[in-house]
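Right, one structure below, let's go through it.
Residue numbers (my numbering): 13 to 662.
Take a look at the structure:
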């Protein structure tokens, strides 16, 4: 079995042991969690029963209304029933002992008996709650409600009986609930807690014991395995030390079935190969001694010939470099000429385009000048018409001003009439007051006259108010008329200014029309000159294109010559470099030949220092120096003398 397999099996056994311990701990933790959850469910049942007992007592003595106490009782009963159902269906019951499961079943049977008491108390409370309470009776706990009933009144006999029944039911349920809590649920919770603690302690002891067993077994295995490895390493180390002392006539006899056995065989193969190699090297050095003189004389002659070839190649390379420089200068000059010609052609093309655009622009400008001249004449005629219209509007505005002034004077007359009406209404009002006084003196006979005087007074007041309103309206109209008169005067002055500006505009349009006619004539002359320049430019552009094409042909030829020159120069450089490298190699070979002569002498002396077996059987080296015997069949070592057959060891 190999060492790796042994180590893998040992590691697998250790991991398995620790996994087993971890599994025990995990199972213990799961059981503890289940028991704790079960214990918590039991505690919740006890808390719910306490709340149910408190709610049961509140049905008797609460100061709140009875419907609130009954609702609280119903909620407490429902909560307890849910908590108890969770307890009896808890999955942790499967891990409990038979006695504890019997305790749970007994608690379930007891609760089935007690549930009837709580149901009876609940029905009695709902019966009282559904009954119609007479006026003056408190809606509170059963005891408080019963004491609030009038003594000796037969009308409340039925209610008093219901309350006494409710008290009995409630007290019985409360007593049963307290007994159930103390005798059954409390004992159950204590047993669950003790059982959970015992299971956790037991599982912990088991996990610790398993871990200790794994650790002790691992230490024992490591001790034995390390001892065996130490013996085998010493055997291999002894064989290698013998070879290091240049004695390659010995072999290792380690024949275990693991990697160390393979290592021993490989060491023997290496020693055999080394022995064969040294014998071959000894034979080769003898042959090299015969060839080294021939190589030395040949390399000297080759170096002399290559030196002459290198000098000739260097001279040719220099001349080709000069030729390449002249070709490059010619190419550069022709490229400069080509760029200048190309730039000139581009400028000519741009000039031709600019002349064409200028011609088009001048034609457009000429058409625009004619259009502006015609438009100026048309605008002059329109300006004259506008001046006549504005003068007519000015005359109409002046007539409007006269009308506004006349209306303003008539409004002043109306205001004077309104003032007279106000004075008449005041006098009429005064007369109506005197008439009312006289009718009062006349007594019964003057009542009709008093009514007439009152109507006259009202008419005078109404007339005075209307006259005031008319006066205010006339004042407002007068203000607006004055504002309109001022605006009309400003408009009249603006119209006069417009007439002046229109006359000046018509004069300007006349001058513009005359100038545009003169510009139109000048534009025709410019068009003729531009056409002549365009023809000359086209001739120059054609000649420039021909120059560009011929320059490009010269450039192509020079580039070809430049490429050929560069290739020739590159080839000469490579030939010169190669020749120098060959010369350096030949010189180096000569030097190396001299060095090899010296090293061959050193190699011969070094090979002579090795102890090599020639036609004699190899001696087996002991596997371990001073190793104890009897270490086991699989790890046994033997010592072989020359000529003994190897002893196989499993």
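All residues carry an ideal CB built from backbone N, CA and C; glycine is no exception.
For the putative contact between residue i and residue j, defined by C-beta atoms under 8 Å, what is the C-beta separation to the nearest angstrom?
| i | j | result |
| --- | --- | --- |
| residue 434 | residue 462 | The Cβ separation is near 25 Å, so there is no contact. |
| residue 349 | residue 563 | 6 Å |
| residue 423 | residue 493 | 7 Å |
| residue 44 | residue 185 | Incorrect: roughly 36 Å between the Cβ atoms, too far for contact. |
| residue 40 | residue 215 | 3 Å |
| residue 78 | residue 157 | 7 Å |
| residue 468 | residue 430 | No, residue 468 and residue 430 are not in contact; Cβ-Cβ is about 20 Å, not under 8 Å. |
| residue 297 | residue 616 | 5 Å |
| residue 107 | residue 203 | Incorrect: roughly 14 Å between the Cβ atoms, too far for contact. |
| residue 399 | residue 511 | 6 Å |
| residue 343 | residue 571 | 7 Å |
| residue 96 | residue 57 | 5 Å |
| residue 346 | residue 567 | 5 Å |
| residue 207 | residue 112 | 6 Å |
| residue 420 | residue 503 | Not quite, the Cβ-Cβ distance comes to about 17 Å (not below 8 Å), so this is no contact. |
| residue 26 | residue 230 | 5 Å |
| residue 524 | residue 380 | That pair is no contact at about 13 Å. |
| residue 51 | residue 205 | 5 Å |
Over the uninterrupted alpha helix (DSSP H) stretch that includes residue i, give me the two end residues.
| i | result |
| --- | --- |
| residue 203 | 198-256 |
| residue 105 | Where residue 105 is concerned, there is no enclosing alpha helix (DSSP H), given that its DSSP letter is neither H nor E. |
Checking 8 Å against the spacing of the C-beta atoms, do residue i and residue j come in under that value?
| i | j | result |
| --- | --- | --- |
| residue 134 | residue 89 | yes |
| residue 413 | residue 471 | no |
| residue 218 | residue 36 | yes |
| residue 136 | residue 178 | yes |
| residue 392 | residue 528 | no |
| residue 200 | residue 54 | yes |
| residue 384 | residue 559 | no |
| residue 474 | residue 438 | no |
| residue 326 | residue 588 | yes |
| residue 188 | residue 126 | yes |
| residue 395 | residue 507 | no |
| residue 549 | residue 367 | yes |
| residue 222 | residue 32 | yes |
| residue 450 | residue 460 | no |
| residue 500 | residue 416 | yes |
| residue 67 | residue 85 | yes |
| residue 83 | residue 74 | no |
| residue 371 | residue 546 | yes |
| residue 279 | residue 248 | yes |
| residue 46 | residue 139 | no |
| residue 300 | residue 612 | yes |
| residue 181 | residue 132 | yes |
| residue 466 | residue 448 | yes |
| residue 374 | residue 576 | no |
| residue 289 | residue 22 | no |
Just checking: is the beta-carbon of residue i within a distance shorter than 8 Å of some beta-carbon in chain B?
| i | result |
| --- | --- |
| residue 199 | The chain inventory of the structure shown lacks chain B, comprising one protein chain alone. |
At which residue ranges does the stretch 59-141 contain complete alpha helix (DSSP H) runs of 4 or more residues, listed in the order of the chain? 78-100
Start-end ranges of the alpha helix (DSSP H) lying completely within the stretch 456-504, minimum 4 residues: none
Which runs of the alpha helix (DSSP H) fall wholly inside the stretch 422-447 and span at least 4 residues, in chain order? none
Please go through the stretch 518-572 and give each complete alpha helix (DSSP H) segment of 4 or more residues, from N-terminal end onward. none
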